[in-house]
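Enquirer:
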Amino acid sequence: MSNLLVIVNSNDPFNEEIDFSSQLVDWNVSLVHDTALSLIKLKHYIQQKEIYFLLFSRKWESGYLEQVHKICKDNPLLHIIYYSAQLKDLEFAELYLAGIDYCIIGDARQINLIRTLGKLWDEHWRRVPDYLIATAVEQNALWLDITLDFIEKKPIKMFNVRTLSEHLQISENQFRLEFKHQFGKSFRAFKQELFQ
Numbered sequence: 228m229s230n231l232l233v234i235v236n237s238n239d240p241f242n243e244e245i246d247f248s249s250q251l252v253d254w255n256v257s258l259v260h261d262t263a264l265s266l267i268k269l270k271h272y273i274q275q276k277e278i279y280f281l282l283f284s285r286k287w288e289s290g291y292l293e294q295v296h297k298i299c300k301d302n303p304l305l306h307i308i309y310y311s312a313q314l315k316d317l318e319f320a321e322l323y324l325a326g327i328d329y330c331i332i333g334d335a336r337q338i339n340l341i342r343t344l345g346k347l348w349d350e351h352w353r354r355v356p357d358y359l360i361a362t363a364v365e366q367n368a369l370w371l372d373i374t375l376d377f378i379e380k381k382p383i384k385m386f387n388v389r390t391l392s393e394h395l396q397i398s399e400n401q402f403r404l405e406f407k408h409q410f411g412k413s414f415r416a417f418k419q420e421l422f423q
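Below, the structure written as structure tokens:
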């Protein structure tokens, strides 16, 4: 499950954001007004909640440039998206300088946002690439879906032999043996290859 944090202008209702978040199946979407989080609180929130995508759905102001740049610097794996009905040329240049990955602007922005988030999640580092699961698919592993779902959706701190074996209700040694049999490599080697 991917985690998305949406930051909205302090006086704006969450109407549009609630609408598109209801279409994001299997996503944890947090909606926050921009005054609710300071830069320090935002950094802590991103780390604590393991946010992978940050969406700014607020009117752009030049004062945000340094804040967004600092967020990018502190969270290099975080995808930052700016989402608005319109954007001026000068603002676009500032978004680029701040390090914003994607700008979704205009009338069809909701559809484009959902497509973009889907594409980003498909290519996300937490997704297990096909070449890493090819052996297990050939072996027709019964617990493959459970294991992959756990790896992709649970917090990264739970990505270890102990919690996976507890989740599958088998011993740690059984898990290691079965994993090596199904995937053709040790859990540690698999994990290292996934994170490269």
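Whatever position you read off the sequence shown (first residue = 1), add 227 for my numbering.
We put the beta carbon where it would ideally sit given N, CA and C, even for glycine.
(1) Just reading off the beta strand (DSSP E) that S265 is part of, what are its end residues?
(2) I'd like to check one pair, I298 with Y443: are the Cβ atoms closer than 8 Å?
(3) Which runs of the alpha helix (DSSP H) at least 4 residues long sit entirely within the stretch 278-327? Give them in chain order.
(4) At a cut-off of 7 Å, is C299 close to the ligand MN when judged by its beta-carbon and the heavy atoms of the ligand?
(5) Leaving out five residues on either side along the sequence, give the residues of the same chain with a beta carbon under 7 Å from the beta carbon of E277.
(6) Could you tell me which of Q275, K286 and D246 sits nearest to I234, measuring between CA atoms?
(7) L232 bridges to which residues according to DSSP?
(8) Rounded to whole angstroms, what's the CA-CA distance from L266 to S284? Just pull it up for me.
(9) So the beta strand (DSSP E) I332 belongs to, where does it begin and stop?
(10) Measure how close the beta-carbons of L375 and V355 come, nearest whole angstrom, since I'm counting them as under 8 Å.
(11) Please work out which residues of its chain come closer than 7 Å, Cβ to Cβ, to E244, disregarding the five sequence neighbours upstream and downstream, and give them in chain order.
(12) Pull up the CB-CB distance for F414 and R403, whole angstroms please, since I reckon it's below 8 Å.
(13) Below 8 Å, how does it come out for the stretch 247-256 and the stretch 331-349: are there three or more Cβ pairs, yes or no?
(14) For a test of the three-state rule: what should DSSP assign to E350, helix, strand or coil?
(15) Would DSSP call V355 helix, strand or coil?
(16) Leaving out five residues before and five after F406 in sequence, what residues of the same chain have Cβ atoms less than 6 Å from its Cβ?
(17) How about H306 and F280: are their beta carbons less than 8 Å apart?
Expert: Taking the coordinates as given:
(1) Looking at the DSSP string, S265 is not in any beta strand (DSSP E), and its letter there is neither H nor E.
(2) For residue 443 there is no data in the structure shown, the boundaries of the chain being 228 and 423.
(3) 291-301 and 316-325
(4) Of the ligands one can find in the structure shown there are none, so the ligand MN has no counterpart to examine.
(5) N230, P382 and I383
(6) K286
(7) S257 and L281
(8) 16 Å
(9) Y329 to I332
(10) 5 Å
(11) V233, V235, L258 and S284
(12) Going by Cβ atoms, the distance from F414 to R403 rounds to 6 Å, so yes, they are a contact pair.
(13) yes
(14) coil
(15) coil
(16) F414
(17) Yes, these two residues count as a Cβ contact at 8 Å.
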